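Enquirer: In the working numbering, the protein residues as written are 2 to 327.
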Amino acid sequence: MDTGSHLLFGLSLAGLAHLNPAVQGDAMLSGAIVCATMIGSHAPDFDAAYRLRGMDKYVKHHRGWSHSIPALFLWPAAVGALTAWGWGQGDHLVLLLLWSLISVVLHVALDLTNAYGVRCLLPFRREWLHLDSLCLTDPFLLLVHLIASALWLTGLLWASEPGFLFVAAWSLSALYIVWRIVHHSLAVRLVKNSFPDWRAVHVLPDLRWFRWHYIVQTDTDFCMGRLQGSRIERSGALPNEIDQSHDCVRASMSLSYVQVLLNFAKRAYVKWQRQPEGGYLVTWTDLRFWREKDWPFRVEVRMDEQLNLIEQKVGWHKKAWEPPYV
Numbered sequence: 002m003d004t005g006s007h008l009l010f011g012l013s014l015a016g017l018a019h020l021n022p023a024v025q026g027d028a029m030l031s032g033a034i035v036c037a038t039m040i041g042s043h044a045p046d047f048d049a050a051y052r053l054r055g056m057d058k059y060v061k062h063h064r065g066w067s068h069s070i071p072a073l074f075l076w077p078a079a080v081g082a083l084t085a086w087g088w089g090q091g092d093h094l095v096l097l098l099l100w101s102l103i104s105v106v107l108h109v110a111l112d113l114t115n116a117y118g119v120r121c122l123l124p125f126r127r128e129w130l131h132l133d134s135l136c137l138t139d140p141f142l143l144l145v146h147l148i149a150s151a152l153w154l155t156g157l158l159w160a161s162e163p164g165f166l167f168v169a170a171w172s173l174s175a176l177y178i179v180w181r182i183v184h185h186s187l188a189v190r191l192v193k194n195s196f197p198d199w200r201a202v203h204v205l206p207d208l209r210w211f212r213w214h215y216i217v218q219t220d221t222d223f224c225m226g227r228l229q230g231s232r233i234e235r236s237g238a239l240p241n242e243i244d245q246s247h248d249c250v251r252a253s254m255s256l257s258y259v260q261v262l263l264n265f266a267k268r269a270y271v272k273w274q275r276q277p278e279g280g281y282l283v284t285w286t287d288l289r290f291w292r293e294k295d296w297p298f299r300v301e302v303r304m305d306e307q308l309n310l311i312e313q314k315v316g317w318h319k320k321a322w323e324p325p326y327v
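Next comes the structure, spelled out in structure tokens:
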């Protein structure tokens, strides 16, 4: 999920912690819990520090070891201990560690529901895992927890016992997430039934509940389109063989930015163009994240006529409100 959502969910978890009378009756402990859950809910994304070393390092490491099985215990240990020390709540260290753990685990679990994915089973499994069920910013979850948090902080409802308010918010959220996962599996089945010769299928969520974006790899093509309710809307197709016929494509494959994408992508694809001023532009993408006008997630490599590297860059080229919502 996005940073704002993670922080909001951390605040919402702090409200849930007020089911404990010790938290509800102690303002200092309550503040420490809020601190622990909000920092814990964001802690795995501290790997954003890799941006300082370049976008290729960030793409390579984001949602990797920082979201791994060891990290599920290291982050809470650090956050809980520092919060207990900073707030003078050493007597409640175990409680702070517990809520820090819940926050970190929830962060990774929610990232797992996105299409971008997470390497959450490191070091036992290195592949990217993703359920493709929730958008990076899910409007429904955002609204539920914004309302619950606003009611708590303004004292308009259940100000004396906010825990029950957040039991309702998290119960509704859990039901919604399960429904989205089930709905996604039904959407995948519908797409597979529409393409009997499918070899791989990816169905990604839209901000609208009953609309999905799909890509299907068949024996001959990558077929892209949308699923509107139960109606398949086909948008286009590309041959499923990567064009490596030109030297510029082969030369680009050894570059660090391209290697990062190839290690991450499930459906890697490339195109190349001769530039009017001379040289070549080679563009790599993961077709899971397609859209009609361009490839929003891509590596661009510029070379001269002798295939010497001029520039390479990697990243997203879209607004937050534009698809794909990953």
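Where a beta carbon is used, it is the ideal one built from N, C-alpha and C, also for glycine.
Predicted, not measured: the structure shown is a model, and the values here were computed from it.
Alpha carbon to alpha carbon, how far is Arg299 from Leu158? Give it in angstroms, no decimals.
Expert: 47 Å
Enquirer: Grouping DSSP H, G and I as helix and E and B as strand, with all else coil, what is Phe211?
Expert: coil
Enquirer: Does the count of Cβ pairs from the stretch 117-136 and the stretch 92-102 closer than 8 Å reach three?
Expert: No, they do not touch.
Enquirer: Whose CA, out of Ala266, Trp291 and Gly81, lies closest to the CA of Trp129?
Expert: Ala266
Enquirer: Kindly identify the DSSP beta-bridge partner or partners of Arg200.
Expert: In DSSP, Arg200 forms no bridge with anything.
Enquirer: For the beta strand (DSSP E) containing Pro240, list its first residue and its last residue.
Expert: Arg232 to Pro240
Enquirer: Return the chain-ordered ranges of every beta strand (DSSP E) run that is complete within the stretch 93-149 and spans a minimum of 3 residues.
Expert: none
Enquirer: How about Ser134 and Pro206: are their beta carbons less than 8 Å apart?
Expert: yes
Enquirer: Identify every residue that forms a DSSP beta bridge with Met225.
Expert: Ile216 and Gly237
Enquirer: Taking DSSP as the reference, what is the three-state secondary structure of Tyr316?
Expert: The sequence as given places Gly at residue 316; Tyr does not occur at that position. Three-state result, Gly316: strand.
Enquirer: Go ahead and pull the three-state DSSP assignment for Gln276.
Expert: coil
Enquirer: Out of Gly316, Gly5, Leu20 and Leu9, which one is the CA nearest neighbour of Ser161?
Expert: Leu20
Enquirer: Does the stretch 10-28 come within contact of the stretch 70-79, defined as at least 3 CB pairs closer than 8 Å?
Expert: no
Enquirer: What are the start and end residues of the beta strand (DSSP E) that includes Arg303?
Expert: Phe298 to Met304
Enquirer: Ile178 and Thr114: beta carbons closer than 8 Å?
Expert: yes
Enquirer: Can you tell me which residues form a DSSP beta bridge with Ala370?
Expert: With the chain represented from 2 up to 327, any question about residue 370 goes unanswered, as that position is not in the structure.
Enquirer: Consult DSSP for Ile311 and reduce its assignment to one of helix, strand or coil.
Expert: Per DSSP, reduced to three states, the secondary structure at Ile311 is strand.
Enquirer: Mind the definition here: the stretch 319-326 touches the stretch 230-246 only if three or more C-beta pairs lie below 8 Å; say whether that holds.
Expert: No, the stretch 319-326 is not in contact with the stretch 230-246.
Enquirer: When DSSP labels each residue in this structure, what does Leu187 get in the three-state scheme?
Expert: If DSSP states are grouped into helix, strand and coil, Leu187 belongs with the helices.
Enquirer: Near His68, what residues of its chain come up, given a Cβ to Cβ distance below 6 Å and the 5 sequence neighbours on each side ignored?
Expert: Pro45, Val109, Val119 and Cys121
Enquirer: Less than 7 Å between C-beta atoms, sequence neighbours within five positions excluded: which residues of the same chain meet that for Gly226?
Expert: Hits under 7 Å: Tyr215, Ile233, Glu234, Arg235 and Ser236.
Enquirer: Do the stretch 174-191 and the stretch 246-259 touch if we need at least three Cβ pairs shorter than 8 Å?
Expert: no
Enquirer: Which residues does DSSP list as the beta-bridge partners of Leu205?
Expert: His214
Enquirer: Under 7 Å Cβ to Cβ from Phe167, same chain only, skipping five residues before and after it: list those, please.
Expert: These residues qualify, in order along the chain: Ser13, Gly16, Leu17 and Ala149.
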